Amino acid sequence: MNILIVGAGQVGYFLCERLSMEGHEVTLVDRDLDNLNAAQDRLNVLGIHGNGASAETMEQAGIKQADIVMAVTDLDEVNILVCLLAREYGVNKRIARVTSIDYLSRGAVLSKDKLGIDLMINPDDAVADELSNLAGRAGTFDVAEFVGGEIQFLGYRISSDSPLCDLTLKELGEIRGMYRFVVVAIMRHGQTIIPRGDDTIQVGDSIFIFAHKEELPAIQYMLQIHEETKRGAQKAFILGGGRIGLRVARNLEERNFHVRLVERDPVRCEKLSAKLKKTMVIHAEGTDIRVLLDEGVANADVFIAATENDETNILCSLLCKHHGTQRTLSLVTRPEFLDLAPSLGVDACVSPRLSAAGAILKFVRRGNVISMATIEGSNSEVLEIEVKRDSAIVNTPLKELSFPRGAIIGAIVHEKNYEIPDGENCLKAGDRVLVFALPEALAKVERFFE
Amino acid sequence: MNITLTMRILGALLLFLAIALLVPVPFAWIYGDGGAGAFFLAAIIAAGCGGLLFSQFQSEADLSVREGFAVVTFGWTFFALFGALPFVFSGAIPSFVDAFFETMSGFTTTGSTILTDIEAMPPSLLLWRSLTQWLGGMGIIVLSLAILPMLGVGGMQLFKAEVPGPTADRLKPRIQDTAKLLWGVYVLLTVAEVLLLMAGGMSFFDGINHAFTTMATGGFSTRNASIAAYDSAYIDWIVTLFMFLAGVNFSLHYLALRGRIGDFLRNEEFLFYTGLALVGTLLVVLLNMGTIYNGFFDNLRFSAFQVVSIMTTTGFGTADYELWPVLCQYLLVFSMFIGGCAGSTGGGIKVARILLLFKHAQVQLFRLIHPRAVRLVKLGDRPVDKDVMQSILGFFALFMGVFVAASFLMAAIGMDLPSAGAAVIATLSNIGPGLGSVGPVDNFAHVPAPGKLVLTFCMLLGRLELFTVLVLVFPSFWRK
């Protein structure tokens, strides 16, 4: 496909990387020559220097031939203008990064239909929601929800005291009678493998599972992750009262957490205090650990670092972990840090670009992909696919089909019933299938379901 | 201070009062009570003085904050002075100090009276008493704003100086329109009450008098026994309902009439006010159980009436609460300080201020435990401006200061302790009846003249919420 991306920031760069790797023709437009050159040098894309909201630049970038336009600059107005332009040029799919509630809210006067935008993404809100989801799922470092939240895709780290340690998947399968879930992938030393029956789970692994949301308490119990047997609500600390911090605080308030939000700007503190209902807003530097200890960070269930600064986030997370906070989650924007943080002891790192990219990449996939998620630190994807009526795979047992290597079916949802797939299962038209796929198998999986 | 402009506006206000003084004249003719002459004479004097001021002082200047305070304070004083004339001229109240007390009690919607036999008064003068309360309830200056075009510029100063509560709501961009809307709602509710009271068997004359004084949370009655004279549960409940409504912010009534009834439930002050009324009634009912009233419904009827009457600072009576248990009296005295909602016709400290004071105290306590936490005082979901919070703290200090000073003076004049304190809070909160020698079945006739003047000043301070009057005491206010 011919893809035009406007804005060479974190999100834009990541999209270029992914899409060019998948073999699409990508053209990148940015006003900043340095950013543009950096992308051109490292990635297989064409860079055009200029303003994305100008028709001249866009014609130069080949907007007439483009199949998809993605406007992901920091400015809402520029992104909207790019999409309006793209509509005039007859581009089929138009995607814009928009942060203002003026455009995002359901009753917006200038709705996305009127602006000619097919998909509006908001990386900040998406990452805030992801942080809140992680905060609510003890023990996980990655969470994604599918089929309207029914099926959960969860990532766990295996420590030396984990009961799963040194078990083979076959042995795990024997206790699966009680616990209905599927291990679809193991990440070990930066490599992702799809495990077979004789593979063992080892210390330091990260495992990814699919499970129905109703099975979660049982699974948490099995993994000996004690979902707060303490009395009362869970206690959360949030560092940084920016857009992301505010949204996380709101989300956690709704889930009845005791929230403390730490922000260093006194004026911003007052604004936050006005906007939030139950959250306690604290005026302090994140590294001022005494203030945090006075406020009880040592007993906190989760510490979420969401400032704009990666170093601050990672350092403060480590500091709190050192003082006894149960879990620490950190917002990390720079890709180089993403892989580093877990080995230091931060429980999970989340990056805005991945959250945004997940939503965007879905659009590039073929029509029957309903939603998808990307996995941190690996280029694997989780796809939610609807089985089409005229598909050749319908009503044949799975073992008789040649399912692509490097991919695995994690769950089948048949008319609201959740099934753990095995070789005897037959797919029916309208079923939702959840597939975990390594990057090299992506294209094959898409073809398989066509 | 622009004295020329102040004088000119005061002149205009007096001309306006002259018109108001003519309203009871038709009643004087109908009832043949001989009061018409007194009203004509008073109207001529008011018009003469007003006309003189208005024509002699010419000023093109705009109204500033300072003139706003002066106009409102002196305006109200002039109203009471000139409004007292019919009582004196007709001979109904021979002493001018008494007449001044009675009129100020009227305009400030206090409802304290020096009359020992109300039913002996000519009907036209009774109507004038009630009318002063009705005009004072929603505010004479606010009414003038709605009617007089000359007060357009700088009208917000006058509006803020007169409307009770820590902040004044602006319903429309133009202040005149806001004033018209508020008065419109006020008239509508008054008419509704007149009709409902007449349906309960009251005469038109009594209905209109009582509706005037209920909606103003005033409390003047045409009967010696107040509302108890009708001995009707229906009338008691209607009056209770309208007293309660009059104690609510009129902006909320306006929004409700526009179909936004849900705003009542989203207004924290209203919810707190309702809660106070309910809890107060419940406690008084429990304490009165089995001692005074035998039936539950009689108990509820009388308890609810007294609680709402005192809390909204109306001051009607259907029972002598001095016969109730001491704890009940304590609760009533306590509610005297609270008063109605901001933007209502009720007096007192106001529910919003009390609510915010407690929230402020809570935040202070909280900050002792969490010194670095940032927490704002909020009303509803909106944070309260720091300036507003400070003015509330100042108001509370002044209110208590005035209360202590005035009750000291009353004690010095020779009143006993409970009566002195109750007389001051009854006038300062614009309620009417107090305790002891000024209780619900007594009156203020026996208070010596200096004491009456002190209480009169308390009424003015209470109605104009202290600041408006007390700024005039500062010498720097008068400098150019």
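The listed protein sequences correspond, in order, to chains A and B.
For the first sequence, our numbering assigns the number 4 to the initial residue and increments by one for each residue that follows.
For the second sequence, our numbering assigns the number 11 to the initial residue and increments by one for each residue that follows.
Even for Gly, the Cβ is constructed at its ideal location relative to N, Cα and C.
Quantities reported herein were computed from a predicted structural model and do not represent experimental measurements.
> Where do the N-terminal and C-terminal ends of the beta strand (DSSP E) with GLU384 of chain A fall, by residue?
Replying inline: 384-389
> What residues match up with VAL353 of chain A in a beta bridge as DSSP calls it?
Replying inline: Its beta-bridge partners are A:LEU334.
>> Within 7 angstroms of any Cβ in chain A, is that where the Cβ of ARG385 of chain B sits?
In response: yes
> Using a Cβ-Cβ cut-off of 7 angstroms (strictly less than) and excluding sequence neighbours within five positions of PHE99 of chain B, which residues of its own chain qualify?
Replying inline: ALA48, LEU51, ALA52
>> Short of 6 angstroms in beta carbon distance, which residues of its chain neighbour ARG392 of chain A, apart from the five on each side in sequence? Order them along the chain.
In response: Excluding residues within five positions, the ones whose Cβ falls inside 6 angstroms are ALA432.
> In the region 39-111 of chain B, which residue ranges form an unbroken beta strand (DSSP E) of at least 3 residues, counting only runs that do not cross its ends?
Replying inline: none
> Are the C-beta atoms of VAL294 of chain A and some chain B residue less than 7 angstroms apart?
Replying inline: yes
> Taking the Cβ atom as the reference point for each residue, do ALA432 of chain B and GLY444 of chain B lie within a distance shorter than 7 angstroms?
Replying inline: yes
> List, in order along the chain, the chain B residues whose C-beta lies closer than 9 angstroms to that of HIS1 of chain A?
Replying inline: No information on residue 1 of chain A is available, as it lies outside the stretch 4 to 453 that chain A covers here.
> How about ILE285 of chain A: is its C-beta nearer than 7 angstroms to some C-beta of chain B?
Replying inline: yes
> DSSP three-state call for SER374 of chain A: helix, strand or coil?
Replying inline: strand
> Relative to chain A, which residues along the region 363-387 of chain B have a C-beta separation below 9 angstroms, given in chain order?
Replying inline: Flagged, chain order: PHE376, HIS380, PRO381, ARG382, ALA383, VAL384, ARG385, LEU386.
> Who are the near neighbours of ILE189 of chain A in its chain, counting only those whose CB is closer than 6 angstroms to its CB and skipping five residues on each side?
Replying inline: ILE196, PRO198, ASP208, ILE210
> DSSP on PRO485 of chain B, reduced to helix/strand/coil?
Replying inline: helix
> Would you say PRO460 of chain B faces chain A, with C-beta separation under 7 angstroms as the test?
Replying inline: False, the Cβ-Cβ gap to chain A never drops below 7 angstroms.
> Can you name the residues of chain A whose CB is closer than 8 angstroms to the CB of PRO393 of chain B?
Replying inline: GLU273, SER276, ALA277
> So, is TRP144 of chain B buried or exposed, given that buried needs 16 or more other C-beta atoms within 10 angstroms?
Replying inline: buried
> Distance, Cα to Cα, PHE454 of chain B vs VAL464 of chain B?
Replying inline: 12 angstroms
> Which word fits THR399 of chain A, buried or exposed, when buried means at least 16 other C-beta atoms lie within 10 angstroms of its C-beta?
Replying inline: exposed
>> Suppose only complete runs of 4+ residues qualify. What are the alpha helix (DSSP H) ranges in the region 51-134 of chain A, listed by chain order?
In response: 58-63, 79-91, 104-107
>> Please tell me whether LEU46 of chain A and CYS19 of chain A are closer than 7 angstroms, where the distance is taken between their beta carbons.
In response: The answer is yes: Cβ separation under 7 angstroms.
> Taking the alpha helix (DSSP H) that ALA252 of chain A falls in, what are its first and last residues?
Replying inline: 246-257
>> Tell me whether the region 36-47 of chain B and the region 431-450 of chain A touch, counting them as touching only if at least three CB pairs, one residue from each stretch, are closer than 8 angstroms.
In response: no
> Taking the runs of the alpha helix (DSSP H) that are 4 residues or longer, which of them lie wholly in the region 176-226 of chain A?
Replying inline: 219-225
> Taking DSSP as the reference, what is the three-state secondary structure of PHE315 of chain B?
Replying inline: Correct three-state label for PHE315 of chain B: helix.
>> My assumption, with CB atoms under 8 angstroms, is that LEU15 of chain B sits in contact with LEU73 of chain B. Please give the rounded CB distance.
In response: 7 angstroms
> GLU257 of chain A versus chain B: which residues are under 9 angstroms apart at the beta carbon?
Replying inline: The premise fails here: GLU257 of chain A is roughly 15 angstroms from chain B at the closest Cβ pair, so nothing lies under 9 angstroms.
> Quick one: what's ILE411 of chain A bridged to in DSSP?
Replying inline: Answer by DSSP bridge pairing, in chain order: A:PHE439.
> Looking only at DSSP bridge pairs, what is ASP127 of chain B linked to?
Replying inline: DSSP links ASP127 of chain B through a beta bridge to no other residue.
>> Given this structure, state the Cα-to-Cα distance separating VAL14 of chain A from VAL305 of chain A, to the nearest angstrom.
In response: 27 angstroms
> What does GLU389 of chain A reach in chain B if we use C-beta pairs closer than 8 angstroms?
Replying inline: The contacting residues do not exist; GLU389 of chain A stays about 42 angstroms from chain B at best.
>> Between which two residues does the alpha helix (DSSP H) holding PHE214 of chain B run?
In response: 214-225
> Hey, how far is the Cα of VAL479 of chain B from the Cα of GLY350 of chain B?
Replying inline: 20 angstroms
>> Would HIS261 of chain A and ALA287 of chain A be called neighbours here (beta carbons separated by less than 7 angstroms)?
In response: no
> Would VAL81 of chain B pass as a contact of ILE13 of chain B if the rule is Cβ separation under 7 angstroms?
Replying inline: no
> Just reading off the alpha helix (DSSP H) that THR188 of chain B is part of, what are its end residues?
Replying inline: 185-209
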